[in-house]
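Worksheet for the structure shown next.
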Amino acid sequence: MSDSLAVDLFVEDLAHEVFVGALVDRIAREEDVALSLQARSARGGHPRALEEFGTYQVLVEKGALTKRTPDLVVVVIDGNCATPRKKREEIRRVTRPALLDRVVTGCPNPHVERWFLADPDSFHNVVGYQPVVGPEKCEREHYKRILADAVRRGQQPATLSGIEFAAELVEAMNLYRAGRRDSSLRAFVGDLRGRFREIRRREGVGGAQ
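Next up, the structure:
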């Protein structure tokens with residue numbers, strides 16, 4: 131094993147990539163794990179995410195993406211109001227044996243924009259406005275609208291409807307507080323943190339910058 135952990139991030143779109151990428155980086159630093167993170171976003175968005183995850187795995191096995199098989203593959207696909215257990219099982223069913231023990235799954239429920247909003251207090255510190263998230267809703271654009279509206283009300287330029295604040299929001303977020311508000315985020319953070327600790331004990335990977 132090299133001094134850094136090779137981590138591939140497979141997600142369904144840019145919002146997932148920037149938020150989850152920043153979150154993986156933060157947790158790795160907190161666990162003193164040095165990593166090399168490579169994003170592999172699905173080109174077809176959510177409808178084709180699982181299909182493209184299958185294609186990605188074939189390319190990994192052939193060595194077509196990189197000479198080194200990733201030590202960890204973080205797969206994050208929206209739950210769309212399915213139970214987290216059901217969505218994780220969907221991902222597991224399409225995971226090939228060679229990568230089965232390397233995959234960590236995340237299922238934002240219902241959509242990843244809710245993770246952006248999971249800690250309203252720190253969101254206010256970054257954006258200048260505290261969003262009112264309200265009860266969970268399955269409507270596809272619901273949390274996108276709340277995110278974009280909160281950025282507008284904070285009088286911030288929103289060239290990407292708020293997802294451009296992902297890295298700042300992740301750094302400012304109180305993960306305990308956010309996890310109490312969003313169980314899907316809490317589950318992902320806990321699983322990823324646990325996997326990093328397991329790898330450190332087994333392989334001695336450390337020294338995050």
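Quick note, the sequence shown lines up with residues 131 to 339 if you use my numbering.
C-beta: ideal position from N, C-alpha, C; glycine also.
Because the structure is a prediction, the values reported are computed rather than measured.
Practice item. Leaving aside the five residues before and after D321 along the sequence, list all residues of the same chain whose C-beta is less than 6 angstroms from its C-beta, in chain order. Key: The answer, listed in chain order, is V234.
Review point. Where does the unbroken beta strand (DSSP E) through A136 begin, and where does it stop?
Key: Segment L135 to V141, the beta strand (DSSP E) holding A136.
Exercise for review: Could you work out which residue in N210, A164 and D312 is closest to F326 when comparing CA atoms only?
Suggested key: Comparing C-alpha distances from F326 to each of N210, A164 and D312 shows the shortest one belongs to A164.
Review point. In three-state terms, what does DSSP make of L167?
Key: In the structure shown, the three-state DSSP call for L167 is strand.
**Study point:** Expected contact under 8 angstroms - CB spacing of G209 and V150 to nearest Å
**Key:** Not confirmed; about 14 angstroms, so no contact.
Point to revise | Closest by C-alpha distance to S171, when choosing among L229, L144, A278 and F318 | key: Of L229, L144, A278 and F318, the residue nearest in Cα terms is L144.
Check your understanding: If you follow the beta strand (DSSP E) that L202 is part of, which residue opens it and which one closes it?
Key -> First-last of the beta strand (DSSP E) with L202: L202 to V206.
Point to revise | 6 angstroms CB neighbourhood of H146 in its chain, flanking five on each side removed | key: The answer, listed in chain order, is V206 and V242.
**Study point:** DSSP beta-bridge partners of T235
**Key:** T235 pairs with V205.
**Study point:** Nearest-angstrom Cα separation, counted from G258 out to Q285
**Key:** The alpha-carbon of Q285 is positioned some 8 angstroms away from that of G258.
Point to revise | CA-to-CA distance, K197 to V137, given in whole angstroms | key: V137 and K197: Cα-Cα distance of roughly 13 angstroms.
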